[in-house]
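So for the sequence shown, full-length UniProt numbering puts the first residue at 1; every next one is plus one. Below is one structure, written out as structure tokens; the observations come after it.
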Amino acid sequence: MVREQYTTATEGTHIERPENRHVYKIGIYGWRKRCLYLFVLLLLIILVVNLALTIWILKVMWFSPTGMGHLRVTKDGLRLEGESEFLFPLYAKEIHSRVDSSLLLQSTQNVTVNARNSEGEVTGRLKVGPKMVEVQSQQFQISSSNGKPLFTVDEKEVVIGTDKLRVTGPEGALFEHSVETPLVGADPFQDLRLESPTRSLSMDAPRRVHIQAHAGKIEVLSQMDIVFHSSDGMLVLDAETVCLPKLVQGTWGPSGSSQRLYEICVCPDGKLYLSVAGVGTTCQENSHICL
């Protein structure tokens with residue numbers, strides 16, 4: 001571009017037009033122009049590559065207006081379809097499965113569920129490991145579908161709320177301390193055994209202890225003494241036949257007597273013995289057995 005210089009003069013005056021002495025060129029020429037075109041071309045290539053990568057990422061990650069891949073954003077929260085893997089802790093207020101499927105939590109090591117308070121301290125923990133299931137809480141409770149507590153554990157006691165507790169092990173149930181229950185029974189056609197190998201066996205009740213066998217016999221075996229004690233009442237043996245086969249027997253009746261009738265005598269210490277029956281009592285005659 002050439003810039004011309006003009007000179008204003010009055011009419012009638014002849015002034016020679018000066019020659020164009022200064023010429024200025026505006027623009028980019030030479031190697032600068034080529035570098036600029038190369039830079040613009042490079043930016044255009046980067047723009048095309050970024051656009052292609054963005055479209056490829058959107059396609060691979062299954063981005064859609066409602067979510068990404070198996071993850072859907074709904075008005076109730078997030079919804080995952082299929083199997084999902086979490087590499088870091090998951091924080092959620094509520095996790096539930098679909099109506100027609102179950103919820104499966106799976107891990108190669110263990111599954112740990114923690115409950116925390118507002119200060120971030122762990123107040124409850126459920127840990128499922130390869131060898132043990134551990135529950136850390138102030139109280140552990142299992143309830144039925146209608147909300148009835150079936151099994152409750154705390155620091156003081158264990159409560160089983162079912163109508164019947166069934167122990168199916170061949171060795172039965174072992175209790176190291178006392179057991180409180182309204183009924184102890186066996187399955188039909190099975191024997192019920194209450195056994196204490198090295199200590200005594202005691203059954204106490206505020207009113208009465210009822211032992212019944214509908215289709216069998218009751219045996220009480222002890223290495224030492226068997227004591228029936230009633231503090232306010234009496235001991236009743238109500239049966240058609242009461243057999244005491246190993247009582248100590250007194251002397252026989254007179255020679256030629258074939259009745260062999262006896263009466264039961266009691267020593268001051270409570271020991272029982274048999275004495276031959278007579279017209280009157282003969283316990284005094286055989287009282288030497290109490291010595």
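Beta carbons are placed, not taken as given, at the ideal position from N, Cα and C, and that holds for glycine. The structure displayed is predicted, hence computed values, not measured ones.
Endpoints, the beta strand (DSSP E) within which residue i is located
i, result
"Phe140", "Phe140 to Ser143"
"Arg72", "Leu71 to Thr74"
"Leu80", "Gly77 to Leu80"
"Leu150", "Pro149 to Val153"
"Thr112", "Val111 to Arg116"
"Gln136", "Val133 to Gln136"
"Val159", "Val158 to Ile160"
"Lys217", "It is not in any beta strand (DSSP E) - Lys217 carries neither H nor E in the DSSP assignment."
"Leu126", "Val122 to Val128"
Simplified DSSP state of residue i, which is helix, strand or coil
i, result
"Phe228", "coil"
"Ser275", "strand"
"Ile211", "coil"
"Ser202", "coil"
"Ile95", "coil"
"Cys265", "strand"
"Ser222", "coil"
"Ser64", "strand"
Residue range of the unbroken alpha helix (DSSP H) whose run includes residue i
i, result
"Thr37", "Note on identity: in this sequence residue 37 is Tyr, with Thr being the wrong assignment. First-last of the alpha helix (DSSP H) with Tyr37: Trp31 to Val60."
Supposed close pair residue i, residue j - CB separation, criterion 8 Å
i, j, result
"Leu247", "Leu272", "6 Å"
"Leu201", "Leu194", "6 Å"
"Gly185", "Leu174", "The Cβ separation is near 18 Å, so there is no contact."
"Ile218", "Ile211", "6 Å"
Beta-carbon spacing of residue i, residue j below 7 Å
i, j, result
"Pro170", "Gly161", "no"
"Asn110", "Val122", "no"
"Ser67", "Val73", "The sequence given here has Gly at residue 67, not Ser. Cβ atoms of Gly67 and Val73: closer than 7 Å."
"Ser275", "Cys267", "no"
"Ser137", "Gly124", "yes"
"Leu58", "His70", "no"
"Val113", "Leu104", "no"
Alpha-carbon spacing of residue i relative to residue j, whole angstroms
i, j, result
"Ile45", "Thr54", "14 Å"
"Ser178", "Thr168", "21 Å"
"Ala115", "Ala92", "11 Å"
"Trp31", "Leu42", "16 Å"
"Val133", "Gly120", "23 Å"
"Val135", "Asp163", "25 Å"
"Leu237", "Tyr262", "18 Å"
"Pro188", "Val220", "20 Å"
"Gln139", "Pro130", "23 Å"
"Leu78", "Val158", "39 Å"
"Asp232", "Gly216", "30 Å"
"Val209", "Asp269", "25 Å"
"Glu180", "Ser144", "23 Å"
"Glu240", "Glu176", "39 Å"
"Ser222", "Arg199", "10 Å"
"Ser287", "Gly278", "15 Å"
"Gln249", "Arg207", "37 Å"
"Glu83", "Ala52", "29 Å"
"Asn50", "Lys33", "26 Å"
"Leu47", "Glu85", "34 Å"
"Pro65", "Lys75", "14 Å"
"Asn146", "Thr152", "16 Å"
"Trp62", "Asn117", "37 Å"
The ligand MG heavy atom lying under 6 Å from the CB of residue i
i, result
"Val60", "This structure does not include the ligand MG; it has no bound ligands of any sort."
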